[in-house]
Amino acid sequence: MTCFLIDDDQIFQFITDSTLKRINPNISIEKYYDGEQGINSIKERLDTPETLPDIVMLDINMPFMNGWDFLKEYQTINNKIEKTIHIYMLTSSDDPDDIEKAKKISELSGYLIKPVTEVELEVLIRGFPSMEWYQPK
Amino acid sequence: MIKRIAKYFLPLFLVSTILAIWIFLNEKENIAQLELKELSNKSNLIIESLNPVVANIFYWSQYNFTEEDFNPNSNQRFEEELGNFIVGMNHYSQFRLLKVNGDEALRLVRTDDGKLLNEKNLQSKRNENYFRKTIALDSSGIYLSPLNLNVEFGEIEQPYKPMIRGSAPIFSKDGTKLGIVVINFYAKELLEMLNKKLKHSFYLIDDKGKFLSNSDDRNAEFEHLINPKEKHDYATNFPDVWEKINKKEDSLISYDSELWVINTLDFKQEISKSSLIKEKYAELTTSNKWYLISRITNADVFAASTSFYIALLLINLFFLLIIIYVAKAEIKNEKIKKQYVIRLRKKKNRLESQNVLLSSIKNRLELRNRQLKEYNNIVAHNLRAPTTSMSALVSMVSRSNDYEEVKTIIPKLSMITKSINSLVQDLLTYVRVLNDEKVKIEGINVQQEIDKILCLFIETIDGDIKINTDLSEWNTVQFSKMYFQSVMQNLISNAIKYRDPNKLSYINITTSYDKGKKILIIEDNGLGVDLNKYGKRIFKLYERFHRNVSGKGMGLFMVKTQLETLNAEIKIESEFGVGTSFIIRFN
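These protein sequence lines are chains A and B, in that order.
Just add 49 to wherever you are in the first sequence, counting from 1, and you've got the working numbering.
Just add 495 to wherever you are in the second sequence, counting from 1, and you've got the working numbering.
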């Protein structure tokens, strides 16, 4: 299982990396610090779909290209992606407008509000792949 | 106020004038009708006075006179009889018998003191008109002479005695003409009666326009007999009216704003109404045709209308007083109203200025609201992350048994404290601007400030960037020096930082006016930014859109905050790959 962590907070990356590895030591985690880096990485692997991630954890507030911009860009290349990628919004924003906005995007599979507990991550990973909208809290 | 009074009084005045005119005309008509009646009465009086004369003459004309009666020496028998007759007739001043040759045969005279006298000094009246006319009549004829003055011995008797003579021919039983009988009717009292209690000028004229009576000028009466050479008769004095009278036009003649009331008295016509003449017992011969004239002047009409006019004047005065009172009250009222309006207007102005004040307060509150929301967001988003991370790391440390692991975690904790400190510092900077109530406003020389800033960047610029300034429209502005320096430094620094290395970079700083407000534009031809993507976030905190350029995304956020606090606005125009313009609008 490959997981992309797209978030500009280095510390959050460190913590989430260690938490996920605790849940499933076989997870391969790749860290990107803004939306642009993340989408470029996906674009590079379009020809090798097996290298595409299974899960993407996406923050909203990032410099250069934020979460929404990433998703816009993602939608344009969606048809070229030959793997099912579950993208989860992982953000400190509990703004109901943001949540509503997220629900409307079909490419998203869930919405997690920071701080994310180990249990929530565990449910996500162990229940993967899930067809339902995952929004703890 | 006079105008107002005049305005109200005018209709009343017009009505009064019309009324006055109407009164005048009405009164004139009334007077005319009254005069017509008066003249008619006078006319009747004359006829009433003369009818007895005609009747008496008729009696004597039918009397059995003998030849002896016409002999002055043998007609004494009449002295007593006639004397008794005349005594009763006050107006008869003479009773005479004239022979066929015109000589007086009997002459009974009433003297001035009322005594009867059988005048022995007999005259000849052969040439008198009345004699000639009468002697020619037949036995039923009666002659009435014109009104003239008594003549004795060829001279007009003084004092003047106006007379009308009634005469008739006398025939004996066998039909022989003996002579004529004459009764002198002394018309003095009649004339006096006609002139009694005159309201207007009264003239009695004959058919030749000669004055028989003239209430204005007694000397003009009988002038044709007294001074025949003088010509002050009616026909000469009033030719136009005389002409109309002769044309037998109406009994009311208007001429030269005077009204002439005319009553035509045709003796023959009127006396013929008596039964004596009507039943044809006698036949009247006379040339008498008189005009009884009243002259109604405008002065007369005014005099008659005096009471009306006085009443009208009093009414006008009364209403004038009322109008004055009303006008005064109106003026007072208007003054009150005006003051009220002024007060209202003052209140309105006060309200309006309060409104403006409230509006500006509302704007400042809205701004403050936005700024506090911003603050909240910053705290909510940016503070939560490091704090939750810190708790996570701490739990990891407490969970860990491996010191090596803990050693890797410690530096992370250090990073977090640094980022919290940084955030707190940024928040303090922000809040300091928000709370800066008493920012010092002063006149700022834009050129000077730009020069100072460019000095700071002199090494970076160093011929690579061209700086153009055009401050021709304005060079000074009232603002906070500190904020102005901060803003300009930020924007110029950005223009330098975000320049396009592939171009000959320039920065244009221009001042201008827009609708009276001062505009400052900083324009560059640098990297630009895609406003479609980032337009909403350009002035937000910690937002960055360019990799490889230093900064944590605080500059424009502070620029906007500093400008907004002092009521200025900033707008961005930019095109990715072309350049950027920042437009500042000072209020």
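We put the CB at the ideal spot given by N, CA and C, even for glycine.
The structure presented is a predicted model; accordingly, all values stated were derived computationally and were not measured.
1. Output the residue ranges of the alpha helix (DSSP H) runs that lie fully inside the segment 81–115 of chain A and measure 4 residues or longer, sorted by chain position.
2. Can you tell me whether DSSP reads B:Ala-1063 as helix, strand or coil?
3. By the 7 Å beta-carbon criterion, what residues does the segment 1045–1072 of chain B contribute toward chain A?
4. Which residues, in chain order, does the segment 128–148 of chain A contribute to contact with chain B at a C-beta distance below 8 Å?
5. So with Cβ pairs under 8 Å, would you call B:Arg-1039 a contact of chain A?
6. List, in order along the chain, the chain A residues whose C-beta lies closer than 9 Å to that of B:Leu-888?
7. Would you list the one or two residues that DSSP bridges to B:Pro-664?
8. Check each candidate in B:Phe-1040, B:Phe-1077, B:Gly-1072 and name the one with the smallest Cα separation from B:Ile-1002.
9. Could you check what DSSP says for B:Trp-755 in three-state terms: helix, strand or coil?
10. Nearest-angstrom Cα distance between B:Ser-981 and B:Arg-927?
11. Taking B:Tyr-698 as the reference, which of B:Lys-537, B:Lys-656, B:Thr-629 has the closest Cα?
12. Counting contacts by CB-CB distance shorter than 8 Å, is B:Met-911 in contact with chain A?
13. Using a C-beta to C-beta distance shorter than 7 Å, which residues of chain B count as neighbours of A:Phe-119?
14. Three-state secondary structure (DSSP) at B:Ala-777?
15. Listing by chain order, which chain B residues have their CB less than 8 Å from the CB of A:Lys-163?
16. Tell me whether the beta-carbon of A:Tyr-137 lies closer than 8 Å to the beta-carbon of A:Leu-107.
17. Consider the Cβ of B:Lys-992: report whether some Cβ of chain A lies at a distance smaller than 8 Å.
18. Flag this pair as yes or no: are the beta carbons of B:Lys-992 and B:Asn-1020 separated by less than 8 Å?
19. Hey, does A:Asn-110 have any beta-carbon neighbour from chain B nearer than 8 Å?
20. According to DSSP, simplified to helix, strand and coil, what is A:Thr-68?
21. Report the neighbours of A:Ser-90 on chain B: residues whose CB is nearer than 9 Å to its CB, in chain order.
22. Is there at least one Cβ from chain A nearer than 8 Å to B:Lys-902's Cβ?
23. According to DSSP, is A:Phe-53 helix, strand or coil?
24. Assuming B:Leu-642 and B:Pro-657 make a contact with CB atoms under 8 Å, what is their CB distance in whole Å?
25. For a contact defined as C-beta to C-beta under 8 Å, what are the partners of A:Ser-67 on chain B?
26. Give me the Cα-Cα distance between B:Glu-825 and B:Ile-497, rounded to the nearest whole angstrom.
27. At a cut of 8 Å, does the segment 524–533 of chain B reach the segment 614–627 of chain B through at least three beta carbon pairs?
28. Helix, strand or coil: how does DSSP classify B:Asp-607 here?
29. Are B:Val-941 and B:Thr-883 touching if we call contact CB-CB under 8 Å?
30. For chain B, check one thing: does any of its Cβ atoms lie closer than 8 Å to the Cβ of A:Met-113?
31. Round the Cβ separation of B:Leu-1036 and B:Met-1049 to the nearest angstrom and send it over; I've been treating them as touching at under 8 Å.
32. Are there 16 or more other CB atoms within 10 angstroms of the CB of B:Tyr-729, so buried, or fewer, so exposed?
33. Return the first residue and the last residue of the alpha helix (DSSP H) that B:Val-972 is part of.
34. Quick check: the segment 897–915 of chain B against the segment 938–954 of chain B, are there 3 or more CB pairs under 8 Å?
35. If you reduce the DSSP assignment to three classes, tell me which class B:Met-1049 lands in.
36. Jot down the residue ranges of each uninterrupted alpha helix (DSSP H) in the segment 948–990 of chain B, minimum 4 residues, whole runs only, in chain order.
Walking through what the data contain:
1. Those alpha helix (DSSP H) runs which fall completely within the segment 81–115 of chain A and span 4+ residues are 84–93.
2. Within the second sequence, numbered from 1, the residue matching residue 1063 of chain B stands at position 568. In this structure, B:Ala-1063 counts as coil in the three-state DSSP scheme.
3. Of all residues in the segment 1045–1072 of chain B, those with a C-beta nearer than 7 Å to a C-beta of chain A are Gly-1048, reading in chain order.
4. Residues of the segment 128–148 of chain A with a C-beta atom less than 8 Å from some C-beta of chain B are Ser-141, Ser-142, listed in chain order.
5. In the second sequence, the residue the question calls residue 1039 of chain B occupies position 544. Interface criterion met: the Cβ of B:Arg-1039 is under 8 Å from a Cβ in chain A.
6. Translated into the one-based positions of the second sequence, residue 888 of chain B becomes position 393. Using a Cβ-Cβ cut-off of 9 Å, B:Leu-888 is close to Ile-60, Phe-63, Ile-64 of chain A, given in chain order.
7. On the second sequence, position 169 is the one that residue 664 of chain B refers to. DSSP, once it has assigned bridges, lists B:Ile-675 as partnering B:Pro-664.
8. Within the second sequence, the letter at position 507 stands for residue 1002 of chain B. Looking at the Cα atoms, B:Phe-1077 is the closest of the given residues.
9. In the second sequence, residue 755 of chain B corresponds to position 260, counting from 1. In the structure shown, B:Trp-755 sits in a strand (DSSP, three-state: E or B).
10. What you label residue 981 of chain B is simply residue 486 of the second sequence in a count that begins at 1. What you label residue 927 of chain B is simply residue 432 of the second sequence in a count that begins at 1. For B:Ser-981 and B:Arg-927, the distance between alpha carbons rounds to 14 Å.
11. The residue given as residue 698 of chain B occupies position 203 in the second sequence. Ranking B:Lys-537, B:Lys-656, B:Thr-629 by Cα distance to B:Tyr-698 puts B:Lys-537 first.
12. Against the second sequence, residue 911 of chain B aligns to sequence position 416. Note on identity: in this sequence residue 911 of chain B is Ile, with Met being the wrong assignment. So, interface residue.
13. Here residue 119 of chain A refers to the residue found at position 70 of the first sequence. Here the premise fails: no neighbours, minimum Cβ distance about 12 Å.
14. As a first step, residue 777 of chain B is located in the second sequence; it is residue number 282 there, counting from the start. DSSP places B:Ala-777 in coil when its eight states are reduced to three.
15. The residue you call residue 163 of chain A lines up with position 114 of the first sequence. Under the 8 Å cutoff, chain B gives Arg-879, Ala-880, Thr-883.
16. Here residue 137 of chain A refers to the residue found at position 88 when the first sequence is read from its first residue. Here residue 107 of chain A refers to the residue found at position 58 when the first sequence is read from its first residue. Yes, the Cβ-Cβ distance between A:Tyr-137 and A:Leu-107 is below 8 Å.
17. On the second sequence, position 497 is the one that residue 992 of chain B refers to. Not an interface residue.
18. In the second sequence, residue 992 of chain B corresponds to position 497, counting from 1. In the second sequence, residue 1020 of chain B corresponds to position 525, counting from 1. For B:Lys-992 and B:Asn-1020, no; Cβs fall outside 8 Å.
19. On the first sequence, residue 110 of chain A is found 61 positions in, with the first residue counted as 1. Output row for A:Asn-110: interface = yes.
20. As a first step, residue 68 of chain A is located in the first sequence; it is residue number 19 there, counting from the start. In the structure shown, A:Thr-68 sits in a helix (DSSP, three-state: H, G or I).
21. Residue 90 of chain A sits at position 41 when you count from the first residue of the first sequence. Proximity of chain B to A:Ser-90 at the Cβ level (cut-off 9 Å) is not reached, the minimal Cβ distance being about 15 Å.
22. Locating residue 902 of chain B in the second sequence gives position 407, counting from the first residue. False, the Cβ-Cβ gap to chain A never drops below 8 Å.
23. Here the question's residue 53 of chain A lines up with position 4 in the first sequence. In this structure, A:Phe-53 counts as strand in the three-state DSSP scheme.
24. Taking the first residue of the second sequence as position 1, residue 642 of chain B is located at position 147. Taking the first residue of the second sequence as position 1, residue 657 of chain B is located at position 162. Sure, about 6 Å apart at Cβ, within 8 Å.
25. Position 18 of the first sequence, counted from the start, is the residue given in the question as residue 67 of chain A. What A:Ser-67 touches in chain B, judged by beta-carbon distance under 8 Å, is Met-891, going in chain order.
26. Residue numbering aside, residue 825 of chain B sits at position 330 when the second sequence is read from its first letter. Residue numbering aside, residue 497 of chain B sits at position 2 when the second sequence is read from its first letter. B:Glu-825 and B:Ile-497: Cα-Cα distance of roughly 13 Å.
27. Too few Cβ pairs lie closer than 8 Å, so no.
28. Locating residue 607 of chain B in the second sequence gives position 112, counting from the first residue. Collapsing the DSSP output to three states places B:Asp-607 in coil.
29. If you number the second sequence from 1, residue 941 of chain B lands on position 446. If you number the second sequence from 1, residue 883 of chain B lands on position 388. No; because the gap between Cβ atoms is not below 8 Å, this pair is not in contact.
30. For the purposes of this step, residue 113 of chain A is taken as residue 64 along the first sequence, with counting starting at 1. Sequence check: residue 113 of chain A is Phe here, not Met. Cβ-Cβ to chain B under 8 Å: yes for A:Phe-113.
31. Taking the second sequence and counting its residues from 1, one reaches residue 1036 of chain B at position 541. Taking the second sequence and counting its residues from 1, one reaches residue 1049 of chain B at position 554. About 6 Å separates the beta carbon of B:Leu-1036 from that of B:Met-1049, a gap short enough to meet the 8 Å contact definition.
32. By 1-based counting over the second sequence, the position of residue 729 of chain B is 234. Buried is the label assigned to B:Tyr-729, since at least 16 other Cβ atoms lie within 10 Å of its Cβ.
33. To locate residue 972 of chain B, count along the second sequence from 1; it is residue 477. Premise fails: B:Val-972 lies in the beta strand (DSSP E), 971–974, not in any alpha helix (DSSP H).
34. Contact fails: fewer than three Cβ-Cβ distances are below 8 Å.
35. As a working mapping, residue 1049 of chain B is identified with position 554 in the second sequence. In the structure shown, B:Met-1049 sits in coil (DSSP, three-state: anything other than H, G, I, E or B).
36. Those alpha helix (DSSP H) runs which fall completely within the segment 948–990 of chain B and span 4+ residues are 953–956.
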